[in-house]
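> Numbered by this note's numbering, the letters in the sequence shown go through residues 21 to 496 in order.
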Amino acid sequence: MASLKKKPVFKKSAPKPVVKKELPRKPLTGGQSAQKKENASTAPAAPAKKQIQLLRGMKDILPRDQHYWKAVYEKAQSIAEDFGFDRIDTPVLEDASLFLRGLGKVTDIVEKEMYMFEDRDADKVTLRPENTASIVRAYLQHGMWNQPQPVKLWYWGPMFRHERPQEGRQRQFWQAGFEVLGDPSPVIDAMVIQMTWLLYNEFGVPVTIHINSMGMPDDRTRYKMELVQYYRAHRAEICENCKARLMKNPLRVLDCKEEGCQPVKANAPQIVDYLSNDSRDHFMKVLEYLDELGIPYFLNHTLVRGLDYYTRTVFEVVTSDEEQGSQTALCGGGRYDLLVEELGGKPTPACGVAPGIERLIVQLKKRQLPLPPQRQPQVYVAQLGDLSRRKAMLLFARLRAEGVMADQDFSKGSLKAQLESANAKKIPFAFVIGQKEVQEGTVIMRDMDSGVQETIDFNKAPQILKRKLGIDKSVE
Ligand code: HAM
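(1) My understanding is that GLU378 touches TRP194, with C-beta atoms under 8 Å, so please give their C-beta distance in whole angstroms.
(2) Let me make sure I understand the geometry here. Which of PHE451, MET236, GLU422 and ALA288 has the alpha-carbon closest to that of ILE476?
(3) Just to confirm before moving on: does the CB-CB distance between ALA374 and TYR356 stay below 7 Å?
(4) In terms of residue numbering, what span does the alpha helix (DSSP H) encompassing ASP427 cover?
(5) Quick check on GLU222: does DSSP put it in helix, strand or coil?
(6) Would you kindly work out how many angstroms separate the C-alpha atoms of GLU58 and PRO67, rounded to a whole number?
(7) Quick check on the DSSP output: the beta strand (DSSP E) that includes ASN151 runs from which residue to which?
(8) For the segment 100-151, which segments carrying the alpha helix (DSSP H) assignment without a break, of at least 4 residues, lie completely within its bounds, in sequence order?
(9) Kindly indicate which three-state DSSP category LYS41 falls into: helix, strand or coil?
(10) On the DSSP bridge list, what partners appear for SER346?
(11) So which of ASN479, MET215, GLY461 and GLY365 has the shortest CA-CA distance to GLU527?
(12) Using DSSP with H/G/I as helix, E/B as strand and the rest coil, what is TYR330?
(13) Which residues does DSSP list as the beta-bridge partners of PHE416?
(14) Might you give, ordered along the chain, the residues of its own chain that have their beta carbon closer than 7 Å to the beta carbon of PRO149, omitting 5 neighbours on each side?
(15) In its own chain, which residues sit with a C-beta less than 6 Å from the C-beta of PHE318, not counting the 5 before and 5 after it?
(16) Under the criterion of a Cβ to heavy atom distance below 6 Å, does ALA349 qualify as lining the ligand HAM?
(17) Just tell me which of ILE315, LYS446 and LEU384 has its CA closest to the CA of SER470.
(18) Comparing alpha-carbon positions, which option in GLN473, GLN403 and PRO283 lies nearest SER441?
(19) Would you identify the three-state DSSP class for GLY280, choosing helix, strand or coil?
(20) Please report the straight-line C-alpha distance between GLN169 and ASP203, rounded to a whole angstrom.
(21) Are the CB atoms of TYR250 and PRO289 within a distance shorter than 7 Å?
(22) Alpha carbon to alpha carbon, how far is ARG272 from LYS285?
(23) Answer yes or no: does any C-beta atom of chain D fall closer than 7 Å to that of GLY202?
(24) If you drop the 5 nearest sequence neighbours on each side, which residues of the same chain put their C-beta closer than 8 Å to that of ARG242?
(25) Could you say which of ILE208, ASP143 and LEU147 lies nearest to LYS172 if we only look at CA atoms?
(26) Quick one: measure Cβ to Cβ for GLU153 and GLY177, integer angstroms, because I've assumed they're closer than 8 Å.
(27) Can you tell me whether ILE491 is buried or exposed, with buried defined as 16 or more other CB within 10 angstroms of its CB?
(28) May I ask whether a heavy atom of the ligand HAM can be found less than 6 Å away from the beta carbon of VAL373?
(29) Any idea what DSSP makes of THR228, helix, strand or coil?
(30) Quick one: what's got a C-beta closer than 8 Å to PRO185's C-beta in the same chain, skipping five residues either side?
(31) Does DSSP classify MET304 as helix, strand or coil?
(32) Would ALA264 be called buried (16 or more neighbouring beta carbons within 10 Å of its own) or exposed?
Spelled out as C-alpha cells, the structure:
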C-alpha cells in the first residue's frame, strides 16, 4: 500500500484571501418572520411520510450487482455477434391477443401468470411474459420474411409473470434470447443449443442439456391418445392436478413433480416412439451435430415445456444444486415451426432459446465464479481550491478524450482526503494541481505506490501518463 507519508505530498502556495459573497436574501416582513419563529417552536413535528416499497416479486438491481449483469450481458452479446445475430428490442407492452394466441390458452402463463389489463383506451394489453411471440410479431410486421433467410435475432430485456416469488423466481425477471426464423434445418437447432452451452460453459457453470422432440401436431395427436389411455389406466395412482391436466392439456402430466405420480410417469409411453420418420430423422440429426461438437446432453423423454408453440426439438439447460439436492432450469428453448403461421404469417420454421439472467447470476454467486476484470481508473485527478479545480476538470476531460480512465472527487477540498480516496481504490497514479501549478502551467504526477513525484507540463500530462502506463510509446 502506498504511504502518504513517504514524501511531502504537495507544497501549498499561500492561500488567497477568501472574499465572501453574500447571496441576496428574500426579505421577510417582520410579521412573517415572527410567525415563522413561533411555528418552529410550537408546531408539532410533521409525521414522517410512509416510504413506498417495491412491489412483491420485483427487484432493484443495485450498483453492487451491476458487474454480474454487465458480465452476463457482454457474454450474451459477444456470443450473439459471433454467430451473426442482429439485436432487436420490442416493447414490454403488447396487444394481449399476441400471447393468448401465441402461447396457448391452456398454459400456466396464460391461465395464471399474465399481467393483463385494459388501458385507458379500453384496449386489452399485456406486459410480455416472454419474448418469442413478440419477435414473431416484429418479424411479420416489418416484413423480415423478405430478407435473406434465416433471420437471426437476439434480445435482452425484462419479462413479467405473476408467479409466487422465491429465489430465482420473480415477477419481473430478465431474459436474453436468440431466435432464428425461416430455416427448418436441424443444424439451426444444434447451433442454438451450442450458443446456449457456450453461455454457461464459458462462465464455468456446470450444466446438463435436457433434450426431447415433441414432433409435429400429427405425431403429438397419436401420442396424446396413448398417453391419456395409459394415465386413465392408472387414475387411482395420480394426483388431482394430473387428472385435471389429462382433460385439459394431457402432455402437461409429464411435468408433474408430485412424488406419488413419479412411478406412473417413469413408465409412461415415450413421445419419441410416436414420431414420424421426418421428425425422427430431424431429431437424430440434431443429436448427431451435438455429438460432433462434443456437447453433452441427456435425452429426457418427459420434457414437454410449458408453452404450446413448440414443435420437434425442445430443450432445457439444467444445473444441480448439491446443497439442496435439487435441479434448476436455467433456460429453455426449442423449435416453433407453426408459430409464425399462427400469428398470421406464411409457414416459417423457427427455433430459439431464452436464458434467464437472474438464475445464471445466482449460479455465478453461489459458485463464486470469476468474472472478467472491470475497468479500473488509471489516474486520480486531485485539486486544491477553485482555480485549480477548473484546470483539473479540463485535465479530466482531456484524459478521457485520450482514452485514459480517470477518477476524481471534485467536490472535495482536502488533498489528504482525495489522495486517500485514490489509495483506497488502488489507482496507480495521481495528478495534483494547486495554485502554483495553475500559475506555472504544470501538474504534479505522483506514483501512488512509491510516492515519487515529478512536475510536468500540463498540456503534455495525458501523453506522459500514457507512456508511463505503457499505452502510448510515441512520446519521449
Ligand atoms: P421459459 O422456459 O418460459 O421459455 O423461460 C426461459 C427461462 O426464463 C427459464 O428457464 C428461466 O431461467 C427464466 N424464467 C422464467 N420465468 C422466470 C421467473 N418467474 N423468474 C425468473 N426467471 C424466470 C421462454 O420464455 C421461451 N420464450 C423460450 C424460447 C425462446 N423458446 C424459443 N425461443
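In this text, a Cβ means the ideal position worked out from N, Cα and C, and glycines have one as well.
Looking at the atomic coordinates:
(1) Residue 378 sits at position 358 when you count from the first residue of the sequence shown. Residue 194 sits at position 174 when you count from the first residue of the sequence shown. Rounded, the Cβ-Cβ distance is 6 Å, consistent with contact.
(2) In the sequence shown, counting from the first residue as 1, residue 476 sits at position 456. Comparing Cα-Cα distances from ILE476 to each of PHE451, MET236, GLU422 and ALA288, the minimum goes to PHE451.
(3) Translated into positions along the sequence shown, residue 374 becomes position 354. Translated into positions along the sequence shown, residue 356 becomes position 336. The answer is no: Cβ separation not under 7 Å.
(4) In the sequence shown, the residue the question calls residue 427 occupies position 407. In the DSSP assignment, ASP427 falls outside any alpha helix (DSSP H) and lies within the beta strand (DSSP E) extending over 426-428.
(5) The residue given as residue 222 occupies position 202 in the sequence shown. In the three-state reduction of the DSSP assignment, GLU222 falls in the coil class, being assigned neither a helical nor a strand state.
(6) For the purposes of this step, residue 58 is taken as residue 38 along the sequence shown, with counting starting at 1. For the purposes of this step, residue 67 is taken as residue 47 along the sequence shown, with counting starting at 1. Note that GLU58 scores a pLDDT of 45, beneath 50, so its modelled location is shaky; the value from the coordinates is reported in the next line. Roughly 19 Å separates the two Cα atoms.
(7) Residue mapping note: residue 151 aligns to position 131 of the sequence shown, counting from 1. Per DSSP, ASN151 lies in no beta strand (DSSP E) segment and is marked neither H nor E.
(8) Runs of the alpha helix (DSSP H) inside the segment 100-151: 116-123.
(9) If you number the sequence shown from 1, residue 41 lands on position 21. Caution is warranted here: a pLDDT of 45 is assigned to LYS41, below 50, making its placement in the model unreliable, and no coordinate value can be reported.
(10) For the purposes of this step, residue 346 is taken as residue 326 along the sequence shown, with counting starting at 1. Looking at the DSSP assignment, SER346 forms a beta bridge with ASP341.
(11) The structure shown has nothing for residue 527, since the chain only spans 21 to 496.
(12) By one-based count along the sequence shown, residue 330 stands at place 310. TYR330 falls in the coil class under three-state DSSP.
(13) Reading the sequence shown from its first residue, position 396 is the one you call residue 416. Bridge pairing for PHE416: absent [DSSP].
(14) Along the sequence shown, read from residue 1 onward, the residue named residue 149 stands at position 129. Excluding sequence neighbours, PRO149 sits near PHE119, ILE129, GLU133, MET134, MET179, PHE180 and ARG181.
(15) Within the sequence shown, residue 318 is the residue found at index 298, counting from 1. THR228 and HIS230.
(16) On the sequence shown, position 329 is the one that residue 349 refers to. Yes, the Cβ of ALA349 comes within 6 Å of a heavy atom of the ligand HAM.
(17) The residue labelled residue 470 in the question sits at position 450 within the sequence shown. Ranking the options by Cα distance to SER470, first place goes to LYS446.
(18) Position 421 of the sequence shown, counting from 1, holds the residue named residue 441. Each of GLN473, GLN403 and PRO283 was checked against the Cα of SER441, and the nearest Cα belongs to GLN403.
(19) As a working mapping, residue 280 is identified with position 260 in the sequence shown. It is helical.
(20) As a first step, residue 169 must be located in the sequence shown, where it is residue number 149. As a first step, residue 203 must be located in the sequence shown, where it is residue number 183. Cα to Cα, the separation comes out at about 7 Å.
(21) As a working mapping, residue 289 is identified with position 269 in the sequence shown. As a working mapping, residue 250 is identified with position 230 in the sequence shown. Cβ distance < 7 Å, so PRO289 and TYR250 count as in contact.
(22) Here residue 272 is taken as the residue at index 252 of the sequence shown, counted from 1. Here residue 285 is taken as the residue at index 265 of the sequence shown, counted from 1. When rounded, the distance between both Cα atoms is 11 Å.
(23) No chain D is part of this structure, which consists of one protein chain only.
(24) In the sequence shown, the residue the question calls residue 242 occupies position 222. Closer than 8 Å at the Cβ level, and outside the excluded window around ARG242, lie TYR294.
(25) Residue numbering aside, residue 172 sits at position 152 when the sequence shown is read from its first letter. Put simply, of ILE208, ASP143 and LEU147 the residue whose alpha carbon is nearest the alpha carbon of LYS172 is ILE208.
(26) For this step, residue 153 is matched to residue 133 along the sequence shown. For this step, residue 177 is matched to residue 157 along the sequence shown. Contrary to the premise, residue 153 reads as Ala rather than Glu in this sequence. Rounded to whole angstroms, the Cβ separation of ALA153 and GLY177 is 14 Å, and the two are not in contact under 8 Å.
(27) Residue mapping note: residue 491 aligns to position 471 of the sequence shown, counting from 1. By the neighbour-count rule (16 or more Cβ atoms within 10 Å), ILE491 is not buried but exposed.
(28) Working through the sequence shown from its first residue, we reach residue 373 at position 353. Yes, Cβ of VAL373 sits closer than 6 Å to a heavy atom of the ligand HAM.
(29) The residue you call residue 228 lines up with position 208 of the sequence shown. Correct three-state label for THR228: strand.
(30) On the sequence shown, residue 185 is found 165 positions in, with the first residue counted as 1. Excluding residues within five positions, the ones whose Cβ falls inside 8 Å are ARG76, GLY77 and ARG191.
(31) Taking the sequence shown and counting its residues from 1, one reaches residue 304 at position 284. DSSP, read as helix, strand or coil, puts MET304 in helix.
(32) As a position in the sequence shown, residue 264 is number 244, starting the count at 1. By the 10 Å Cβ count, ALA264 comes out exposed.
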